[in-house]
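Asker:
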Amino acid sequence: MHTAAAVSSGSGKPSGIPAPLRGIFPLLVALPVLLLLEWLLSNSPFATYLLSIMGVNIILAVSLNIVNGMTGQFSIGHAGFMAVGAYLSGVTSLALKDVAISFLPVAASDQVILVVTLLAGGIAAAICGFLVGLPSLRLRGDYLAIVTLGFGEIIRVAVQNTEAFGKALGLSGIPQTSSVAMVGFWVFLVVLVARRIAASSHGRSLWAIREDEVAAEAMGVNTTGYKVRAFVISSFFAGVAGGLFAHFVPIINPGSFTFVKSMEIVVMVVLGGLGSTTGAIVAAVFLTLLPEGLRSAFTAFGAEGSLAQKVDQIRMPVYGMLLVALMLARPQGLFGTREIWEILPRWIPRRRKGM
Amino acid sequence: MSQLLQHLINGIAAGTIYALVALGYTMVYGVLKLINFAHGDVMMVGVYMGYSTAFMLGRQAQGTLWGVLLIFLVAMGGCALMGFLIERFAYRPLREKPRLTALITAIGISFTLSYGFQLDIGFLPGAAPRAFPQIIKPAMWFTVGDPEFPDVVLWNWQVISLLLAVGLMAGLQYLVYRTRFGRAMRAVSFDHRVAALMGIPTDRVISLTFMIGSALAAGAGLLYAIKDTSVSPLMGLYVGLKAFVAAVIGGIGNVPGAMVGGLLLGLVEEFVVGYAASTWRDAVAFGFLILVLLVRPGGLFGRVAAEKV
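Residue numbers (numbering that gives the first Met the number 0), protein chains in the order written: chain B, 0 to 354; chain D, 0 to 308.
#1: Answer yes or no: does any C-beta atom of chain D fall closer than 8 angstroms to that of isoleucine 313 of chain B?
#2: State yes or no: is the C-beta of glycine 212 of chain D within less than 8 angstroms of the C-beta of glycine 82 of chain D?
#3: Give me the Cα-Cα distance between serine 51 of chain D and isoleucine 70 of chain D, rounded to the nearest whole angstrom.
#4: Where are the beta strand (DSSP E) runs, 3 residues long or more, that stay fully inside the segment 304-337 of chain B, in chain order?
#5: What does isoleucine 145 of chain B reach in chain D if we use C-beta pairs closer than 8 angstroms?
#6: Quick check on methionine 0 of chain D: does DSSP put it in helix, strand or coil?
#7: As a quick exercise: from D/Leu7, D/Thr25, D/His6, pick the residue whose alpha carbon is nearest that of glycine 252 of chain D.
#8: Examine chain D for any beta-carbon lying closer than 8 angstroms to the beta-carbon of isoleucine 153 of chain B, and answer yes or no.
#9: I need the DSSP call for isoleucine 232 of chain B, collapsed to helix, strand or coil.
#10: Verify the contact flag: isoleucine 134 of chain D, CB atom, against every heavy atom of the ligand FMN, threshold strictly below 7 angstroms.
#11: Quick one: list the residues of chain D neighbouring leucine 138 of chain B, beta-carbon separation under 9 angstroms, in chain order.
#12: Taking C-beta pairs closer than 7 angstroms, name the residues in chain B that tyrosine 114 of chain D reaches, listed in chain order.
#13: If we call anything under 8 angstroms between Cβ atoms a contact, is proline 92 of chain D one with leucine 327 of chain B?
#14: Which residue comes first and which comes last in the beta strand (DSSP E) that contains tryptophan 279 of chain D?
#15: Confirm, please, whether the CB-CB distance from alanine 229 of chain B to valine 66 of chain B is below 8 angstroms.
#16: Can we say the segment 255-271 of chain B touches the segment 179-194 of chain B, given the rule of at least three CB pairs closer than 8 angstroms?
#17: State whether the segment 251-264 of chain B contacts the segment 163-174 of chain B, with contact taken as three or more CB pairs (one from each stretch) at a distance under 8 angstroms.
#18: Between the C-alpha atoms of glycine 202 of chain B and leucine 68 of chain D, what's the straight-line distance to the nearest angstrom?
#19: In the DSSP assignment, what residue or residues form a beta bridge with isoleucine 251 of chain B?
#20: What residue from D/Gly115, D/Leu80, D/Thr228 has the CA that sits closest to methionine 210 of chain D's CA?
#21: Our contact map puts methionine 42 of chain D next to alanine 216 of chain D with C-beta atoms below 8 angstroms; I'd like the distance itself, whole angstroms only.
#22: Counting only beta-carbon atoms, is tyrosine 142 of chain B nearer than 8 angstroms to chain D?
#23: In whole angstroms, what is the alpha-carbon distance linking threonine 100 of chain D and isoleucine 34 of chain D?
#24: Could you confirm whether any beta carbon from chain B is found closer than 8 angstroms to the beta carbon of proline 92 of chain D?
#25: What does asparagine 160 of chain B reach in chain D if we use C-beta pairs closer than 9 angstroms?
#26: Taking Cβ-Cβ distances below 8 angstroms as the criterion, which residues of the segment 82-110 of chain D are in contact with chain B?
#27: By the three-class DSSP mapping on this structure, what secondary structure does alanine 219 of chain D have?
#28: State the CB to CB distance for the pair proline 44 of chain B and threonine 111 of chain D, rounded to an integer number of angstroms; the pair is presumed to be in contact (CB under 8 angstroms).
#29: I want to know whether the segment 174-182 of chain B touches the segment 34-50 of chain B - three or more CB-CB distances under 8 angstroms.
#30: My assumption, with CB atoms under 8 angstroms, is that serine 88 of chain B sits in contact with isoleucine 100 of chain B. Please give the rounded CB distance.
#31: Taking the Cβ atom as the reference point for each residue, do alanine 163 of chain B and valine 90 of chain B lie within a distance shorter than 8 angstroms?
#32: With a threshold of 8 angstroms between beta carbons, is valine 281 of chain B in contact with chain D?
#33: Taking methionine 139 of chain D as part of the beta strand (DSSP E), name the residues at either end of that continuous run.
#34: Could you check what DSSP says for serine 74 of chain B in three-state terms: helix, strand or coil?
#35: Return the bridge partner residues of arginine 129 of chain D from the DSSP annotation.
#36: Answer yes or no: does any C-beta atom of chain D fall closer than 8 angstroms to that of leucine 327 of chain B?
Here it is in structure tokens:
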């Protein structure tokens, strides 16, 4: 394991792995919290749905941030990986529908099977990520962006034409075994992985590639290797997010994984700040809650249904204008590459460097 | 045999339109090194401008030469103005920033336009596709077999599109390589800071390039609408993407390359639709792109620039 070097490059780069993310300790805290949350929300399907979709968006944003933010490789086909994960995990789940692990209670057995299908989806997506990452050996910048976009579209069309994936109608009848605790566990895992990558020597190579690829290569960084690895990790988590998504929505169809979905994730990453994990989380939460909140606000004030519908229509143009305004005013995103605790007001005690 | 001929005609007709849109992409990329993601959406707005003009002119004027010219003029002029505004207020402030920021801005503008036009508030058209008026009366120019139900048809608008595309390409080639403005464009493209030092008004050159590119997009969009007979706010997103693919296949920044790329893409798509599966069309376009890029990372006619350190 890499020792957490207390190097500060002066530009706000993460310095060392934060103590709360080391070893098994965080799991011991996170799991009871998640289970408590699950228990508290068991009577409120809307809150459960909202939290789940928020969690899925966080996983997507944080994972995309590994490629777009930390490595500086602009990928705009993330929904494609999500689709691979969703469909593969969905199909696996449908195949394992009647299987139960005999020595476990039903609920636990369901969760074990869910994890297995999620892993299947994640690994399939990771393989696709490897395949997409390979061209990045030769392409960079805009070209890579367009190839990832093309890849996302190819996936969508492929799914739309495959009998086993229900063609344009999509998959239905996937067991609804996903839970807030399960989503939360993966959110936790992706954040852990992202932060630990950022603080490791691996992460430093990614930062170097992001800042100047030629210089990084000259310094002996195996740029292609790191780029492909970043792609693989990122797409693995996107696949898992897709799998989770498939297990709490009633139906998945190719329409859920278009270019628009990819752009939503990109907006989250850019808004939060390219390279900031906590930024991605905050942006994902904000952009998930905003339309829901606006809709609830409109209905609460007695507006008729059509106005609430308008909120959904207005969402995409607002995303577009948000991107433009953000690039003009603050091209580095809300947090830049910094994490949230690095921009807290002075009077809140900060973590000491190098802890 | 006749089937093959018909596919060839259709493919070239589709390809010329991709090529026309791709010309605008290529010009902007050549000068600014920016993928103008909003290009397709500028095209869509141009089509709607033409649509409104056609309606205001009424049915009689639509078929006449002057009516068509007016429709094209309004759409192209309006788009040139819009291109100017987009460049001035969205791209120019970012010129010294990393290229990624401009790319994200372009995506933002693309989304604002394509989804903004889907709203049905005020003058905005709403999401439903509409029938585009027949501003060029379709007529068969060339048929094989039974004149009523021919095996092979060549429509007049296909010929018009092709002639227009070839003419515009030649015009652009002339503009870029034979005029003072073209020399300024190439200088700006090579190094815009040094060009500014040499007394070239860089901002004006870039603005003008943008306006020409946007006007081209509007013209190409109208031809597309005549071919497709329907318009919708999302048309720009996909036609724009395809045109971009065409531009990259030919080597982006290269005017004849855009033409060849467009034609190739049109033919490949048409043959996939004709002989394989029509539902795979969009995937094949991108698959073809990836294949070309893997073999030649700079496109067919492009050169890979050595990395400057």
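Here a beta-carbon is modelled for each residue, glycine too, at the ideal position from N, C-alpha and C.
Computed from a prediction, not measured in an experiment: that's the story for all the values here.
Answerer: In short, the structure shows the following:
#1: For the purposes of this step, residue 313 of chain B is identified with residue 314 of the first sequence, where counting begins at 1. Output row for isoleucine 313 of chain B: interface = yes.
#2: Position 213 of the second sequence, counted from the start, is the residue given in the question as residue 212 of chain D. Position 83 of the second sequence, counted from the start, is the residue given in the question as residue 82 of chain D. Yes, they are a contact pair.
#3: If you number the second sequence from 1, residue 51 of chain D lands on position 52. If you number the second sequence from 1, residue 70 of chain D lands on position 71. One C-alpha to the other measures close to 9 angstroms.
#4: none
#5: Your numbering for residue 145 of chain B matches position 146 in the first sequence. The answer, in chain order, is Ile34, Phe243, Val244, Val247, Leu288.
#6: By one-based count along the second sequence, residue 0 of chain D stands at place 1. The answer is coil: DSSP assigns methionine 0 of chain D none of H, G, I, E or B.
#7: By one-based count along the second sequence, residue 252 of chain D stands at place 253. Selected option, being the one with the closest Cα: D/Thr25.
#8: Along the first sequence, read from residue 1 onward, the residue named residue 153 of chain B stands at position 154. Yes, because at least one Cβ of chain D sits closer than 8 angstroms to the Cβ of isoleucine 153 of chain B.
#9: Within the first sequence, residue 232 of chain B is the residue found at index 233, counting from 1. Correct three-state label for isoleucine 232 of chain B: helix.
#10: Ligands in the displayed structure: none, and consequently the ligand FMN is not present.
#11: Position 139 of the first sequence holds residue 138 of chain B. Here the neighbours are Leu292, Leu293, Pro296.
#12: Within the second sequence, numbered from 1, the residue matching residue 114 of chain D stands at position 115. Here the neighbours are Met315, Pro316, Gly319.
#13: Numbered from 1 along the second sequence, position 93 holds the residue referred to as residue 92 of chain D. Numbered from 1 along the first sequence, position 328 holds the residue referred to as residue 327 of chain B. Going by C-beta atoms, proline 92 of chain D is nearer than 8 angstroms to leucine 327 of chain B.
#14: Within the second sequence, residue 279 of chain D is the residue found at index 280, counting from 1. Premise fails: tryptophan 279 of chain D is in no beta strand (DSSP E) and is neither H nor E.
#15: For the purposes of this step, residue 66 of chain B is taken as residue 67 along the first sequence, with counting starting at 1. For the purposes of this step, residue 229 of chain B is taken as residue 230 along the first sequence, with counting starting at 1. Against a cut-off of 8 angstroms, the Cβ pair of alanine 229 of chain B and valine 66 of chain B comes out as a contact.
#16: no
#17: yes
#18: What you label residue 202 of chain B is simply residue 203 of the first sequence in a count that begins at 1. What you label residue 68 of chain D is simply residue 69 of the second sequence in a count that begins at 1. Their Cα atoms are separated by approximately 58 angstroms.
#19: Counting from 1 along the first sequence, the entry for residue 251 of chain B is found at position 252. Answer is B/Leu170, bridged to isoleucine 251 of chain B.
#20: By 1-based counting over the second sequence, the position of residue 210 of chain D is 211. The residue with the shortest Cα to Cα distance from methionine 210 of chain D is D/Leu80.
#21: Translated into the one-based positions of the second sequence, residue 42 of chain D becomes position 43. Translated into the one-based positions of the second sequence, residue 216 of chain D becomes position 217. Sure, about 4 angstroms apart at Cβ, within 8 angstroms.
#22: Along the first sequence, one-based indexing puts residue 142 of chain B at 143. So yes, tyrosine 142 of chain B belongs to the interface.
#23: As a working note, residue 100 of chain D is residue 101 in the second sequence. As a working note, residue 34 of chain D is residue 35 in the second sequence. Taking the straight line joining both Cα atoms gives about 11 angstroms.
#24: Locating residue 92 of chain D in the second sequence gives position 93, counting from the first residue. Chain B contact via Cβ: present.
#25: Here residue 160 of chain B is taken as the residue at index 161 of the first sequence, counted from 1. Correct list: Ala276, Thr278, Trp279, Ala282.
#26: Ala89, Pro92, Leu93, Lys96, Pro97, Arg98, Leu99, Thr100, Ala101, Leu102, Ile103, Thr104, Ile106, Gly107, Ile108, Ser109, Phe110
#27: Here residue 219 of chain D corresponds to residue number 220 of the second sequence, with the count starting at 1. Helix at alanine 219 of chain D.
#28: If you number the first sequence from 1, residue 44 of chain B lands on position 45. If you number the second sequence from 1, residue 111 of chain D lands on position 112. Not confirmed; about 34 angstroms, so no contact.
#29: yes
#30: Counting from 1 along the first sequence, the entry for residue 88 of chain B is found at position 89. Counting from 1 along the first sequence, the entry for residue 100 of chain B is found at position 101. In fact, because the Cβ distance is near 18 angstroms, the residues do not count as touching under 8 angstroms.
#31: In the first sequence, residue 163 of chain B corresponds to position 164, counting from 1. In the first sequence, residue 90 of chain B corresponds to position 91, counting from 1. Yes, these two residues count as a Cβ contact at 8 angstroms.
#32: Residue 281 of chain B sits at position 282 when you count from the first residue of the first sequence. No, valine 281 of chain B does not count as interfacial toward chain D.
#33: To locate residue 139 of chain D, count along the second sequence from 1; it is residue 140. Note, methionine 139 of chain D: beta strand (DSSP E), 139-143.
#34: For the purposes of this step, residue 74 of chain B is taken as residue 75 along the first sequence, with counting starting at 1. Serine 74 of chain B: coil per DSSP, three-state reduction.
#35: Along the second sequence, read from residue 1 onward, the residue named residue 129 of chain D stands at position 130. BP columns for arginine 129 of chain D point to D/Val230.
#36: On the first sequence, residue 327 of chain B is found 328 positions in, with the first residue counted as 1. Yes, leucine 327 of chain B lies at the interface with chain D (some Cβ there is under 8 angstroms from its Cβ).
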